[in-house]
Amino acid sequence: DAGVIQSPRHEVTEMGQEVTLRCKPISGHDYLFWYRQTMMRGLELLIYFNNNVPIDDSGMPEDRFSAKMPNASFSTLKIQPSEPRDSAVYFCASSRGTGGPNQPQHFGDGTRLSIL
Amino acid sequence: GNSVTQMEGPVTLSEEAFLTINCTYTATGYPSLFWYVQYPGEGLQLLLKATKADDKGSNKGFEATYRKETTSFHLEKGSVQVSDSAVYFCALIPISSGSARQLTFGSGTQLTVLP
Numbered sequence: 001d002a003g004v005i006q007s008p009r010h011e012v013t014e015m016g017q018e019v020t021l022r023c024k025p026i027s028g029h030d031y032l033f034w035y036r037q038t039m040m041r042g043l044e045l046l047i048y049f050n051n052n053v054p055i056d057d058s059g060m061p062e063d064r065f066s067a068k069m070p071n072a073s074f075s076t077l078k079i080q081p082s083e084p085r086d087s088a089v090y091f092c093a094s095s096r097g098t099g100g101p102n103q104p105q106h107f108g109d110g111t112r113l114s115i116l
Numbered sequence: 117g118n119s120v121t122q123m124e125g126p127v128t129l130s131e132e133a134f135l136t137i138n139c140t141y142t143a144t145g146y147p148s149l150f151w152y153v154q155y156p157g158e159g160l161q162l163l164l165k166a167t168k169a170d171d172k173g174s175n176k177g178f179e180a181t182y183r184k185e186t187t188s189f190h191l192e193k194g195s196v197q198v199s200d201s202a203v204y205f206c207a208l209i210p211i212s213s214g215s216a217r218q219l220t221f222g223s224g225t226q227l228t229v230l231p
C-alpha cells in the first residue's frame, strides 16, 4: 500500500518567496495533519483536517501560513512570504476516522525546507 | 494541559545492551499512549501503543507498560541492535468527549547503538 506522499522532499528558496508543500494522504483516511519539526521546538502540530474541513489551526504560527484540503486525496501548506525562521522539516500525516482517536497516524517522509 | 516528558538524550549503547527510555506524562482523564520511531531522513512510524492502564504495548522486541499510578510509559528492549539507532518519541492523545486527535509529543530521544 502507498503511504503518505509528500512533495517536494527538499526545497531551498530565498526569503520572501512563496513556498507550497504538498501532501497526498493514504486512501480512506479521514484525518490529515501538518507538523513542523525543528531542533529548538521539536514536533509541533500546525493544523489538522477531518473530511477535508480544518478542525484546529491553533498551531499555525502566523498569517503567512495557510493550509487547504480541496479534496480527500490532496492537501497543501503554503508560506507566503517565507522567512529564514520557517526553515524546518514539515511532515504530513493521516489517520483513519473509524475506530476512535487511538488510530495511529501515518507520517510521510517530510519536506526539508531551507529559506535563505 | 497535556504534556509528555522524555529522558534527555543522546543515548549511546553497545549492541545487545538493555535499553530503557523513560517517559512520563501529564493529562486529564485517561490518555492513550504511543511510542513513535524516526529513522534518519524518514517520517515517524508507530512503534507501539497502549490505550488503558496496565496495558503492555509491544513490537519488534520493544515493550512499554501503561502505568497510571506513576503516569509513565517507559520504553524497554532487552537487546538492542545497530539497526535500532533512531530517534524515539513518546506521545499521547487525551481521550475525552469529542473526536480530538491531537498527538502531544515528547522532545524525542536519540539512540545510537554501536557494533
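In the order they appear, the protein sequences are chains A and B. First residue of the first sequence? That's 1 in my numbering, and the numbers climb one at a time after it. First residue of the second sequence? That's 117 in my numbering, and the numbers climb one at a time after it. For every residue, glycine included, the Cβ atom is placed at its ideal position computed from N, Cα and C.
Which one of A:Ser27, A:Met40, A:Met15 has the shortest CA to CA distance from A:Val89? Reading the first sequence from its first residue, position 89 is the one you call residue 89 of chain A. If we check each option's Cα against that of A:Val89, A:Met40 comes out closest.
Relative to the C-alpha of B:Glu192, which residue among B:Gly177, B:Ser201, B:Phe205 is closest? Within the second sequence, residue 192 of chain B is the residue found at index 76, counting from 1. Selection B:Gly177, B:Ser201, B:Phe205 evaluated against B:Glu192 yields B:Gly177 as nearest (Cα-Cα).
Taking 7 Å as the cut-off, decide whether the C-beta atoms of B:Gly173 and B:Leu162 are in contact. In the second sequence, counting from the first residue as 1, residue 173 of chain B sits at position 57. In the second sequence, counting from the first residue as 1, residue 162 of chain B sits at position 46. Result no, Cβ atoms of B:Gly173 and B:Leu162 do not sit closer than 7 Å.
Using beta carbons (cut-off 7 Å, strictly below), is B:Glu158 in contact with chain A? Working through the second sequence from its first residue, we reach residue 158 of chain B at position 42. So, interface residue.
Check the DSSP bridge columns for A:Gln6 and list the partner residues they point to. Residue mapping note: residue 6 of chain A aligns to position 6 of the first sequence, counting from 1. Beta-bridge pairing links A:Gln6 to A:Cys23.
Kindly list, in the order they appear in chain A, the residues whose Cβ is closer than 7 Å to that of B:Gly224. Taking the first residue of the second sequence as 1, we reach residue 224 of chain B at position 108. Residues of chain A passing the Cβ test: Gly42.
Which residue or residues does DSSP assign as beta-bridge partners of A:Pro54? Taking the first residue of the first sequence as position 1, residue 54 of chain A is located at position 54. DSSP, once it has assigned bridges, lists A:Phe49 as partnering A:Pro54.
A:Leu46 and A:Gly59 closer than 7 Å at C-beta: Taking the first residue of the first sequence as 1, we reach residue 46 of chain A at position 46. Taking the first residue of the first sequence as 1, we reach residue 59 of chain A at position 59. Contact: yes.
Any residues in the segment 124-154 of chain B with a beta carbon nearer than 9 Å to a beta carbon of chain A? Which ones, in chain order? Ser148, Phe150, Tyr152, Gln154
Taking 7 Å as the limit between beta carbons, can you name the residues of its chain near B:Tyr182, skipping five residues before and five after? Taking the second sequence and counting its residues from 1, the one referred to as residue 182 of chain B is at position 66. Leu149, Ala166, Lys168, Ala169, Asp170, Asp171, Phe189.
Give a yes or no on whether 7 Å exceeds the smallest Cβ distance from B:Gln218 to chain A. Start at 1 with the first residue of the second sequence, and residue 218 of chain B comes out as number 102. True, the Cβ-Cβ gap to chain A drops below 7 Å.
Distance between A:Asn51 and A:Arg96 (C-alpha atoms, nearest Å): Mapped onto the first sequence, residue 96 of chain A falls at position 96. Mapped onto the first sequence, residue 51 of chain A falls at position 51. C-alpha separation (whole angstroms): 10 Å.
In this structure, what does DSSP give as the bridge partners for A:His106? By one-based count along the first sequence, residue 106 of chain A stands at place 106. Partner residues in the beta bridge of A:His106, as assigned by DSSP, are A:Ser94.
If we call anything under 7 Å between Cβ atoms a contact, is B:Val229 one with B:Ser201? Looking up residue 229 of chain B in the second sequence gives position 113. Looking up residue 201 of chain B in the second sequence gives position 85. It is a contact, given that the beta carbons lie within the stated cut-off.
Return the chain-ordered list of same chain residues with a C-beta closer than 6 Å to the C-beta of B:Ser213, the five sequence neighbours on each side being excluded. In the second sequence, counting from the first residue as 1, residue 213 of chain B sits at position 97. Low confidence applies to B:Ser213: its pLDDT is 49, below 50, so where it sits in the model is not reliable enough to give any reading.
Nearest to B:Val87 by alpha carbon, out of B:Val203, B:Pro147, B:Val127, B:Val153? In the structure as shown, chain B begins at 117 and stops at 231. Residue 87 of chain B is therefore absent and cannot be evaluated.
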